[in-house]
Amino acid sequence: MNTVVAGITYRALLGRRRIILLLLLPLALIALAVLLRAFGAADQATTVDLMQKFAISTMLPLLGLIAGTGVIAPEIDDGTIIHLMSKPISRPVIAQTKFLVAASLLAVFGAVPTYVAGLLLIGGEDGIATGFAAGTLVAGIAYAAVFLLLGIVTRHAVTIGIIYALVWESLVGNLIPGVHKFSIQYWGQSIADQLSDSPFFKTDVALSFAIPALIVVTVGAVLLAGQRLRAFSLTGDE
Amino acid sequence: MRIELSQVSRWYGNVVAVNDVTMTIGPGVTGLLGPNGAGKSTLLHMMAGFLSPSGGTVTLDGTPVWKNHHIYRNIGLVPEKEGVYGFLTGWQFVLSAARLHNLPDPVEAARKALATVEMEEPKDRRVETYSKGMRQRVKVAAALVHDPPVLLLDEPFNGMDPRQRLHLMDLIRTMGTAGKTILFSSHILEEVERVAQHIEVLVAGRHAASGNFREIRRLMTDRPHLFVIRSSDDRKLAAALVRDDSTGGISLRPDGLEVQATEFRRFARLLPQVARDEGVRLHEVSPADEDLESVFSYLINRST
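Protein chains in written order, with full-length UniProt numbering: chain A, 1 to 238; chain B, 1 to 304.
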C-alpha cells in the first residue's frame with residue numbers, strides 16, 4: 001500500500017463527477033427503503049426482496065464496475081498512470097493500493113447504505129440488515145478486485161463489465177440455476193444468509209463453496225492485476 | 001550511466017516499428033532524430049522500461065530495464081503524452097513525484113525542481129489551467145525531482161513557445177555538461193543541433209546514422225540534390241550543365257529540367273555561372289526533395 005498512490009486515486013475518483021455515479025445507486029436504495037416504510041410495506045419479505053433484487057444484484061455490481069475500473073482505467077487511458085509507474089514502486093504494490101481504494105469505496109457506497117436501508121426497513125430483525133451488509137461487503141471486495149483486473153487488461157472494461165454484470169450475473173444466473181455457483185453476488189448472499197435467521201431468505205450456494213471462492217477470486221484477481229501491471233506496455237501513437 | 005541497446009527490435013504483429021538497433025547512450029546530451037513514425041517513441045519507451053523489446057536487450061549500466069522498477073531511481077522520464085493529473089496543482093503534482101520517490105525531504109526537492117523549470121509562480125494553480133508549455137515544464141520538474149543521472153524526454157519541445165523552448169534547451173545543455181545522460185527525441189534537425197552533442201538518426205525503425213551534428217549536417221548537405229529548373233532555353237542550359245562533374249544527370253521535361261546535382265556546393269556556384277555564360281534566363285530553381293523526409297530516406301538508402 002502506497003499512501004501517495006492512494007491519495008491521488010481517491011482524489012481522481014471522488015473529486016470528479018464519478019462521485020455522483022457512486023452516490024446515485026445507494027441514494028436510490030435508501031430512498032426506496034424510506035418510501036416502503038412510509039407506505040407501511042416494511043416487512044421482512046419485502047426487505048429481503050429489495051436486498052436481493054436491488055442492493056446485491058444490481059447496485060453492487062454496478063458500483064463495483066464504477067469503482068473497480070475507475071481506480072485505474074481512466075489513468076491508463078489518458079497516460080497519467082506513467083506518473084505512478086515511472087517511480088521506484090513495485091507495480092504489484094500499485095495494483096494492491098488501487099484495489100484497497102476500490103474496496104474501501106465499495107464498503108462506503110455499497111455495504112453501508114445496504115445496512116442503513118435494512119435498518120430503516122426492519123431494524124435489527126433476524127439479522128437481515130447485518131447479514132446483507134456483510135454479504136455486500138465481501139462481494140463488493142471481490143467485485144473491486146475483478147473489475148480492477150478488467151480495467152488493466154482491456155480498454156473496453158466498462159462495456160465488458162456491464163455485459164458481465166447484466167448478462168452473466170442476472171440473466172444467465174436466473175435462467176440456469178447452476179450458474180449461481182459461479183457468481184460473486186450469490187457468494188455474497190450465501191454469507192448474508194449465514195448471518196440472518198429470516199425464514200424469507202434462502203440461498204442455494206453452500207457457504208463451504210462461497211468463502212473459498214471469494215478468497216480465490218479476490219486474491220487471484222489482485223495478484224494477476226499486479227503481474228499485468230508489471231508487463232504494462234506503452235504503445236505509442238506511432 | 002549508460003543505456004545500452006543491443007540488436008533491439010520491436011514489432012507489432014506484422015509491422016516492424018524498430019529494426020535491429022544497436023546503440024549506446026552515454027553521459028552528455030544525445031538527440032534522437034527522425035521523422036514522425038520512425039519509431040523514436042517506441043525506442044524511447046523500451047529504454048524507459050515501458051515496452052518489452054521483441055528482440056535484443058536494453059540495459060542500464062548492465063541491468064535489464066524491462067520489468068525492473070528499481071531503474072526509476074536513476075531515470076527521469078518525460079513522456080510525450082500529457083500524463084499530468086489535471087485536478088492537481090503543479091505543486092501537488094511535483095510533490096507527489098518526490099513522495100513517490102520516497103525522498104528524505106520531498107518539499108525541498110519539489111521546490112527546487114519547480115524553480116529549475118521556472119514554474120514557481122503558477123505552481124498553486126491546477127494543472128488543467130496550464131498551457132501546453134507549462135504542463136511540459138511541470139512534467140520536466142516531476143522527472144527531475146530526484147535528480148536522476150539519466151533523463152529521457154520524448155519530443156520535449158513540442159507545444160512550447162520560443163522563450164520556453166530556449167529555456168529548456170539551456171537547461172538540458174547545462175545538465176548534459178554536468179555529466180547527466182540525457183536523451184531526447186525530436187523530428188526537427190535544428191532543435192537537435194542546438195542542444196545535442198551527439199545525434200542518433202532513426203528512419204523507418206532503423207538506425208540510419210550516428211555522430212555529432214557536424215557529421216550529420218554534412219551527410220545531409222552532401223547528399224545528391226534534385227532540382228527542378230525552368231529557364232528561357234532548357235535544352236541549351238541542360239547541354240551546358242551536363243559538361244560539369246557536379247551534375248549527375250538531367251532529364252528534359254515539359255515543365256522544365258530535372259537536374260541531379262551530386263555535389264551541392266559546386267553545383268550551387270555552377271548554375272548561375274553557366275546560365276550567364278550561355279545567355280539563358282533562369283525562371284525558377286527549386287529543390288525537389290528538400291523536405292526532411294527525403295533527407296532521411298537518402299540516409300536510410302545509404303545505410304543499407
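Glycine residues also receive a C-beta, built at the ideal position from the N, C-alpha and C atoms.
Inset, instruction - Report back the beta-carbon spacing between residue 138 of chain A and residue 188 of chain A to the nearest angstrom; my notes put them in contact at under 8 Å. - result: 6 Å
Inset, instruction - Between the Cα of residue 194 of chain B and those of B:19, B:23, B:13, B:29, spot the shortest distance and give me the residue it belongs to. - result: B:29
Inset, instruction - Would you identify the three-state DSSP class for residue 243 of chain B, choosing helix, strand or coil? - result: coil
Inset, instruction - Find the residues of chain A that neighbour residue 82 of chain B, judging by a C-beta separation of less than 9 Å, and give them in chain order. - result: Listed along chain A, the residues sitting closer than 9 Å to residue 82 of chain B by beta-carbon distance are 78, 79, 80.
Inset, instruction - Select from A:110, A:72, A:98, A:69 the residue whose C-alpha is nearest the C-alpha of residue 30 of chain A. - result: Residue 30 of chain A has its Cα closest to that of A:110, out of A:110, A:72, A:98, A:69.
Legend entry - Burial state of residue 190 of chain B (16 or more Cβ within 10 Å): exposed
Legend entry - Supposed contact pair residue 25 of chain A and residue 62 of chain A - C-beta distance, whole angstroms, cut 8 Å: 6 Å
Legend entry - Distance between residue 79 of chain B and residue 185 of chain B (C-alpha atoms, nearest Å): 10 Å
Legend entry - Contact between the segment 115-125 of chain B and the segment 44-62 of chain B (3+ Cβ pairs under 8 Å): no
Legend entry - Spatial neighbours of residue 282 of chain B in its chain, beta-carbon cut-off 6 Å, leaving aside the 5 residues before and after: 231, 275
Legend entry - Reduced DSSP secondary structure (H/G/I, E/B, other) of residue 146 of chain B: coil
Inset, instruction - Report the neighbours of residue 96 of chain B on chain A: residues whose CB is nearer than 7 Å to its CB, in chain order. - result: 4, 8
Inset, instruction - Run the CB neighbour count on residue 307 of chain B, radius 10 Å, all protein chains shown included, and call it buried at 16 or more, exposed below. - result: For chain B, the structure presents residues 1 to 304; residue 307 of chain B sits outside this window and is missing.
Legend entry - Cross-chain neighbours of residue 79 of chain B in chain A, by beta carbon under 7 Å: Ordered by position in chain A, the residues that pass the 7 Å Cβ test against residue 79 of chain B are 79, 82.
Legend entry - CB contact check: residue 237 of chain A to chain B, cutoff 9 Å: Below a pLDDT of 50, predicted positions are generally treated as unreliable, and residue 237 of chain A, at 45, falls in that range; the measurement from the model is reported next regardless. Output row for residue 237 of chain A: interface = yes.
Inset, instruction - Please classify residue 72 of chain B: does DSSP put it in a helix, a strand, or coil? - result: helix
Inset, instruction - Take residue 170 of chain A as the anchor and find which of A:33, A:56, A:117 has the nearest alpha-carbon. - result: A:56
Legend entry - Spatially closest choice to residue 108 of chain B from B:87, B:145, B:83, by CA coordinates: B:145
Legend entry - Closer than 9 Å to chain D by CB, residue 95 of chain A: Given the protein chain composition of this structure (A and B), no chain D is represented.
Legend entry - Element boundaries [beta strand (DSSP E), containing residue 21 of chain B]: 15-25
Legend entry - Whole runs of the alpha helix (DSSP H) within the segment 42-87 of chain A, excluding any shorter than 4 residues: 44-50, 60-70, 73-78, 81-85
Legend entry - Test: residue 15 of chain A CB closer than 9 Å to a CB of chain B: yes
Inset, instruction - May I have the straight-line CA-CA distance separating residue 237 of chain A from residue 261 of chain B, to the nearest angstrom? - result: Reliability of the predicted coordinates at residue 237 of chain A is poor, the pLDDT of 45 falling under 50, and no value is obtained from them.
Legend entry - Among B:118, B:73, B:87, B:254, nearest to residue 102 of chain B - alpha-carbon criterion: B:73
Legend entry - For residue 167 of chain A, the three-state DSSP class (helix, strand or coil): helix
Legend entry - 4-residue-minimum alpha helix (DSSP H) runs that sit fully inside the segment 80-143 of chain A, ordered along the chain: 81-85, 91-106, 112-122
Inset, instruction - Kindly list the residues whose CB is nearer than 6 Å to the CB of residue 176 of chain B, restricted to its own chain and excluding five residues on each side of it in sequence; keep chain order. - result: 28, 29, 182
Inset, instruction - Give a yes or no on whether the minimum CB-CB distance between residue 9 of chain B and chain A is below 9 Å. - result: With 9 Å as the cut-off, residue 9 of chain B does not count as an interface residue toward chain A.
Inset, instruction - Could you check if residue 235 of chain A is buried or exposed, using at least 16 other CB atoms within 10 Å of its CB as the buried criterion? - result: exposed
Legend entry - Whole-angstrom distance between residue 94 of chain A and residue 196 of chain A, CA atom to CA atom: 37 Å
Inset, instruction - Evaluate residue 40 of chain B with the Cβ neighbour count: other Cβ atoms within 10 Å of its Cβ, from every protein chain shown; 16 or more gives buried, anything less gives exposed. - result: buried
Inset, instruction - Decide if the segment 113-131 of chain A is in contact with the segment 143-151 of chain A; the criterion is three or more beta carbon pairs, one per stretch, under 8 Å apart. - result: no
Inset, instruction - Specify, as a first and last residue, the run of the alpha helix (DSSP H) that residue 82 of chain B falls within. - result: Counting along the chain, residue 82 of chain B falls outside any alpha helix (DSSP H), and DSSP gives it neither H nor E.
Legend entry - Residues within the segment 48-69 of chain B neighbouring chain A, beta-carbon criterion of under 9 Å: 48, 49, 50, 51, 52, 66, 67, 69
Inset, instruction - With a cut-off of 8 Å on the beta carbons, I'd call residue 180 of chain B and residue 150 of chain B a contact; round off their distance for me. - result: 7 Å
Inset, instruction - Under the assumption that residue 229 of chain B contacts residue 259 of chain B (Cβ atoms under 8 Å), give the Cβ distance between them as a whole number of angstroms. - result: 6 Å
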